[in-house]
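Colleague: What follows is a structure written as structure tokens; I'll ask about it next.
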Amino acid sequence: MKIWPGDPYPLGATYDGMGTNFSLFTDVAERVELCLFDDDGTEERVDLPELTALCFHGYVPNVQPGQRYGFRVHGPYEPEHGLRCNPNKLLLDPYAKAIEGQVEADQAVFGYQFDDPDERNDQDSAPCVPRSVVTNPYFDWTNDRHPRTEWADTVLYEVHVKGFTKLHPDVPEEQRGTYAGLASPAAIDHYNKIGVTAVELMPVHQFIHDAVLQEKGLRNYWGYNSIGYLAPHNEYSASGQ
Numbered sequence: 747m748k749i750w751p752g753d754p755y756p757l758g759a760t761y762d763g764m765g766t767n768f769s770l771f772t773d774v775a776e777r778v779e780l781c782l783f784d785d786d787g788t789e790e791r792v793d794l795p796e797l798t799a800l801c802f803h804g805y806v807p808n809v810q811p812g813q814r815y816g817f818r819v820h821g822p823y824e825p826e827h828g829l830r831c832n833p834n835k836l837l838l839d840p841y842a843k844a845i846e847g848q849v850e851a852d853q854a855v856f857g858y859q860f861d862d863p864d865e866r867n868d869q870d871s872a873p874c875v876p877r878s879v880v881t882n883p884y885f886d887w888t889n890d891r892h893p894r895t896e897w898a899d900t901v902l903y904e905v906h907v908k909g910f911t912k913l914h915p916d917v918p919e920e921q922r923g924t925y926a927g928l929a930s931p932a933a934i935d936h937y938n939k940i941g942v943t944a945v946e947l948m949p950v951h952q953f954i955h956d957a958v959l960q961e962k963g964l965r966n967y968w969g970y971n972s973i974g975y976l977a978p979h980n981e982y983s984a985s986g987q
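Position one of the sequence shown corresponds to residue 747 (the numbering used here), numbered consecutively onward.
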């Protein structure tokens, strides 16, 4: 795989039309591997070649939006000092703007053994954790414009993405409980009827379903357990991505 030095900023994955720049901040790592995944889950690794101002970075030509990726960090493993670098654990990009998959409640995602918390766990976590996804920063907004409603005239309406339309009979079934459902004609008609000028969404960044809930066959409904602050929660997508 060809990789060039790239730039330390912006952090995360930045597509420029010809390839993607990757940058990860860390003040403890000695080496960082960029892991790229094919559709069938095959993983290819390459070291980020440059270190600038505590950022490991590199530019990979021809990497397009939709590419799944993650990081493996090499460095000190000293739990007593709060250092837990372990390249067997696939890490999300904290600056990822899209995330695919969910965290599975499996021992492999932990850095220690359940039966002996002091013993290091070197199981590969990749099969049990989500992937970061390269996104396209270019979007044609056509004639859309911010309404610029005066604060004195603003009426905020707080809603839960899933709960607001999940059982709404006038929203197309495939859009119920999704972002698309929020923008459906039936939803917009409701906003207009009650005089709403702005919608405030309850947590929409990527969150996980707690292990204790998974064990009971339940889900994290409210979303207050974030794992990717810059990525919209993927389960709210009408397309499933």
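Quick reminder that beta carbons are idealized off the backbone N, C-alpha and C, glycines included. Just so it is clear, the structure is predicted and the values come from calculations on it, not from any experiment.
#1: For Asp935, report the span of its alpha helix (DSSP H) as first-last.
#2: From Asp753 to Tyr975, what distance separates their C-alpha atoms?
#3: Excluding five sequence neighbours on each side, which residues of the same chain lie with their C-beta closer than 6 Å to the C-beta of Ile954?
#4: Is it buried or exposed, Gln813, if we count other Cβ atoms within 10 angstroms and call 16 or more buried?
#5: Considering only the beta carbon of each residue, do Phe771 and Arg877 sit closer than 7 Å?
#6: With 16 as the cutoff for other CB atoms within 10 Å, does Ser999 come out buried or exposed?
#7: Once you ignore the five residues that flank Arg948 on each side, which residues in its own chain have a CB closer than 6 Å to its CB?
#8: In three-state terms, what does DSSP make of Leu837?
#9: Look at the alpha carbon of Val917 and the alpha carbon of Tyr982, and state the distance between them as a whole number of angstroms.
#10: Does DSSP put Leu794 in a helix, in a strand, or in coil?
#11: Does the beta-carbon of Gly927 have 16 or more other beta-carbons within 10 angstroms, so that it is buried, or is it exposed?
#12: In chain order, what residues of the same chain lie with their CB nearer than 8 Å to the CB of Glu789, ignoring the 5 residues before and after it?
#13: Would you mind sorting Leu893 into buried or exposed? The rule is 16 or more other CB atoms within 10 Å of its CB.
#14: Between Leu902 and Ala944, how many whole angstroms is the CB-CB distance? I'm expecting something under 8 Å.
#15: Counting along the chain, where does the alpha helix (DSSP H) carrying Gly701 start and finish?
#16: Is it buried or exposed, Ser985, if we count other Cβ atoms within 10 angstroms and call 16 or more buried?
#17: Which residues in the same chain as Tyr805 place their Cβ atom closer than 8 Å to its Cβ, once the five residues preceding and following it in sequence are excluded?
#18: Would you list the residues sitting across from Pro765 in a DSSP beta bridge?
#19: Quick one, are the C-beta atoms of Val792 and Met747 less than 7 Å apart?
#20: Please determine if the region 882-897 and the region 851-871 are in contact, where contact requires at least 3 C-beta pairs separated by less than 8 Å.
#21: Ordered along the chain, which non-local residues of its own chain (more than five positions away) have a Cβ less than 8 Å from that of Gly847?
#22: For Asp839, does the count of other Cβ atoms within 10 angstroms reach 16, so buried, or fall short, so exposed?
#23: Got a sec, what are the start and stop residues for the alpha helix (DSSP H) Phe885 sits in?
#24: What residue range does the alpha helix (DSSP H) around Gln960 cover?
#25: With DSSP run on the structure shown, which of helix, strand or coil describes Asp916?
Modeller: With the structure as the only source:
#1: For Asp935, the enclosing alpha helix (DSSP H) has its first and last residue at 931-940.
#2: Distance between the alpha carbons of Asp753 and Tyr975 is about 22 Å.
#3: Val849, Asn971, Ile973
#4: Buried is the call here.
#5: no
#6: It is not possible to answer for residue 999, since the shown part of the chain is limited to 747 through 987.
#7: Here the sequence assigns Met to residue 948, which means Arg is not the residue at that position. Correct list, in chain order: His906.
#8: Of the three classes helix, strand and coil, the one that applies to Leu837 here is strand, per DSSP.
#9: 15 Å
#10: coil
#11: buried
#12: Around Glu789: Cys781, Leu782, Phe783, Ala872.
#13: What sits at residue 893 in the sequence shown is Pro, not Leu. Result: exposed.
#14: About 5 Å separates the two Cβ atoms, so the contact holds.
#15: Nothing can be reported for residue 701: it is not among the residues displayed for the chain, which extend from 747 to 987.
#16: exposed
#17: Ile749, Trp750, Pro751, Gly752, Asp753, Gly765, Thr766, Asn767, Phe768
#18: The sequence given here has Gly at residue 765, not Pro. Paired residue(s): Pro807.
#19: yes
#20: The region 882-897 is not in contact with the region 851-871.
#21: Val875, Pro876, Arg877, Asn980
#22: buried
#23: In the DSSP annotation of this structure, Phe885 is not part of any alpha helix (DSSP H), being labelled neither H nor E.
#24: 957-961
#25: coil
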